[in-house]
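J.:
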Amino acid sequence: MTVSPSHSSHAPDPEADDAAGVPPTRGGAGAEAGVEAGEGAGSATAQVAPSAPVSRGFLARATLITASLSVAGALLGLVRDQSLARLFGAGRDTDAFLVAWTVPEFAATLLIEEGLAYALIPAFSLALARRAQGAPGNPVRSLVAGTLPKLSLAFVAVSAVLIGAAPQLVALLAPGLPDPALAVDCTRLTATCVLTFGLAGYCSAALRAHRRFLAPAAIYVAYNTGIITTMFVLGGRWGVRAAALGVAMGGLLMIAVQLPFLWRRLGRTATPAPAGDTAAGAQPVGVALIATVLLFALCRQSQVLIERFLASPLPPGAISHLNYAQKVAQIPMTLSLMLSTVTFPVVSRALAEGDTERARTRVERDLALASTLVLGGAAVVVACAPQIVELLFQRGAFTARDTAATAQVMRVYALGLLGQTLTGALVRSYFSAGRATWYPVGAMAAGIAVTAWAGALAVGPWGVTGIAAANALGITLTAALLLAGIRDAGHATPRGVAIRTGTVLRELSRPLWAAAVATAAGAVAAAAFPAPPAGLAAGALTTAAVFVLLGRVLGAQGFAPALRSLRFLRTVIRRVAHGRFR
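All residue numbers for the sequence shown refer to the working numbering, where the first residue is 4 and numbers rise by one.
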């Protein structure tokens, strides 16, 4: 970016009042950005110019906060899955719970991670831009008043419908399940997450639009803590139903960790609106926009439905192997999208202020960095899959046979990680302008159709491995269609932020070649050591070394910011060790 990071001896906390991520100003281009991030003195009601680009320092700190807490949440998610495997194994009970787990998986995608955020973050960004330009009243509060009550009623209604229709839902999701009654009980407990996740997602979108990232990043720490605690406290008495109850408890904790921060943001003062002036009201979030973002997220998450539908007639444990493999394989994808999570509000704010060039540059940089990170992670997953699964899960009721099956599926899943990452990053550029567009829905529907068709053909001869391969094929097609649909450069189109597709594809090819060679080298190194810890260490280090070396030789654009991020993380850790944070 164009603004240099601070060289203060203290590394600011992005959630603290002095962490705007823009240089201190007394007005002009940076004033509102400073106010919105909590930095600047003066009134938020003053007439100001569009906000300055956020600095690299802010993006690095915000991404570090988001990534650190997301890693903590992901690690707790692994502990959750390990606890599930240890307490209940990979048999019929776990399969029944994982069918019910479909509800929170869908709800998280629709209401927190993607769907609702794609509609609300641009809306809040526009409201903040209007407030910065001196609009009377408080457009942010007006937006909340016009959307939160209606959405809350919708969340309650959907939760009630799912609770009442749980038997039919289980029959639809897994018609070959041997114990549908247990799955129905678990589904009724997990259905409450539609309400809690919806409210948590609303809080997250509002806070991120305000460039507040600490509380939204902490929600999965709270969520998984609730599930793990409930499983161990009630697992002996309730069996696997305790895990479903933990989903309900975790959803409540997601709301609780965000409410104080959002309340403080919404308490900001604003210019009094003249009597009868309707300009203070924020522009409503259109039904068409909500429909397109939710349909896209629904289509994307329906991959899980297809997998579990195809796997339900297979021997017991098939759904569990798919679940464990997917959870681990997707960790690199989740981490690679952390920067896009942070910059999505930045891109939306730039578009709200008419700065399309800044938005395009940011999207292209995000694509390069996210692709580099996910390909490096995918290389490690493929090279070291047996060692990873054995170390994480092989204990208690989870046997060596389960390890072998899960590792095989995980390697195939990893082939689709680049497509998953590109899809997640590109769709943000489609919806960042806050306009409805049906193209991403069509692209995702095409990918889902290919996943279903290929999975139906492959499940017979190859079982769960064939299902995973179909998943990778379908999401890769979706990513290719999204890239093709947002080509050209330099301006916002009705579909979103246009990017230079040729440039992006050339950049993608470089880390892709590096990852292929690094995977082969890492697999050889991992197989040389019979002990899983030694094999994983040797394989991961070899893979990383080869990947970085080849990436630098090939001149991949994403390697430089990735290495800068690692250096920034090292600096933060050193400062923590020396007590330099206050």
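Even for Gly, the Cβ is constructed at its ideal location relative to N, Cα and C.
1. Name the residue from Pro514, Ala184, Val161 whose alpha carbon lies nearest to the alpha carbon of Ala371.
2. Just to confirm before moving on: does the CB-CB distance between Ile502 and Arg363 stay below 9 angstroms?
3. Straight-line CA distance for Leu123 to Phe550?
4. Output the boundary residues of the alpha helix (DSSP H) element that contains Thr195.
5. Where does Ala439 fall in DSSP's three states?
6. Check each candidate in Ala524, Ala483, Ala160 and name the one with the smallest Cα separation from Leu511.
7. Counting C-beta neighbours from all protein chains within 10 Å, is the total for Gly215 16 or more, i.e. buried, or is it exposed?
8. Mapping DSSP to helix, strand and coil, what is Asp358?
9. What's the gap between the Cα of Pro275 and the Cα of Ala130?
10. Taking C-alpha atoms, which residue in Gly427, Val236, Val106 lies nearest to Asp188?
11. For Ala163, which option in Thr150, Arg144, Val197 has the closest C-alpha, if you only look at C-alpha atoms?
12. Restricting to Cα atoms, I'd like to know which of Val243, Leu72, Asp369 is closest to Ala218.
13. Do you know offhand how far Val173's Cα is from Ala386's?
14. Would you report the Cα separation of Ile438 and Thr402, rounded to the nearest angstrom?
15. Where does Ala475 land, buried or exposed, given buried means 16+ other C-beta within 10 angstroms?
16. Can you grab the Cα-Cα spacing for the pair Asp405 / His324, in whole Å?
17. In the DSSP assignment, the alpha helix (DSSP H) including Glu310 goes from what residue to what residue?
18. Kindly give me the distance between the Cβ atoms of Leu297 and Arg244, rounded to whole angstroms, as I take these residues to be in contact under 8 angstroms.
19. With 9 angstroms as the threshold, decide whether the Cβ of Gly201 is near any Cβ in chain C.
20. Rounding to the nearest angstrom, what Cα-Cα distance links Tyr327 and Pro335 in this structure?
21. Pick helix, strand or coil for Ala221, following the three-state DSSP scheme.
22. When DSSP labels each residue in this structure, what does Thr402 get in the three-state scheme?
23. Can you give the Cα-Cα distance for Ala126 and Leu146, rounded to whole angstroms?
24. As a quick exercise: from Arg268, Gln397, Ala208, Ala417, pick the residue whose alpha carbon is nearest that of Asp84.
25. Going by C-alpha to C-alpha distance, which of Ala294, Gly76, Ala220, Ile322 sits closest to Thr228?
26. Pick from Ile478, Val412, Ile470: whose alpha carbon is nearest that of Leu420?
27. From Ala3 to Val467, what does the alpha carbon distance come to, in whole angstroms?
28. Per the contact definition of three or more C-beta pairs closer than 8 angstroms, is the segment 536–555 in contact with the segment 516–528?
29. Could you compute how far the alpha carbon of Ala251 sits from the alpha carbon of Leu508?
30. Hey, Glu310 and Gly525: beta-carbon distance below 9 angstroms or not?
31. Tell me, please, whether the segment 374–384 touches the segment 449–457 by the rule of three or more beta-carbon pairs shorter than 8 angstroms.
32. With burial defined as no fewer than 16 other Cβ atoms inside 10 Å of the residue's Cβ, what is the status of Ala534: buried or exposed?
33. Roughly how many angstroms separate the alpha carbons of Gly238 and Leu81, rounded to a whole number?
34. Ignore the nearest five residues each way along the sequence and tell me which others in Ala203's own chain have a CB closer than 8 angstroms to its CB.
35. In chain order, what residues of the same chain lie with their CB nearer than 7 angstroms to the CB of Val307, ignoring the 5 residues before and after it?
36. In this structure, does DSSP put Gly31 in helix, strand or coil?
T.: Walking through what the data contain:
1. Pro514
2. yes
3. 38 angstroms
4. Run containing Thr195: none; DSSP gives neither H nor E here.
5. coil
6. Ala483
7. A small fix is needed here, since residue 215 is Arg in this sequence, not Gly. With 16 or more Cβ atoms within 10 Å of its Cβ, Arg215 is classed as buried.
8. coil
9. A caution first: Pro275 carries a pLDDT of 47, below 50, which makes its placement in the model unreliable, though a value can still be read off. Rounded to the nearest angstrom, the two C-alpha atoms are 16 angstroms apart.
10. Val106
11. Val197
12. Leu72
13. 36 angstroms
14. Note that residue 438 is Arg in the sequence shown here, rather than Ile. If you take the alpha carbons of Arg438 and Thr402, they lie about 50 angstroms apart.
15. buried
16. 7 angstroms
17. 290–314
18. Not confirmed; about 29 angstroms, so no contact.
19. Reference to chain C is not applicable here, since this structure consists of a single protein chain.
20. 15 angstroms
21. coil
22. coil
23. 8 angstroms
24. Gln397
25. Gly76
26. Ile478
27. Residue 3 lies beyond the residue range present for the chain, which begins at 4 and ends at 585; the question has no answer from this structure.
28. yes
29. 43 angstroms
30. no
31. no
32. exposed
33. 18 angstroms
34. Leu114, Ile115, Ile222, Gly254, Met257, Ile258, Gln261
35. Thr105, Glu108
36. With a pLDDT of only 35 at Gly31, under the threshold of 50, the placement of this residue in the model should not be trusted; the figure read from the coordinates follows. Helix at Gly31.
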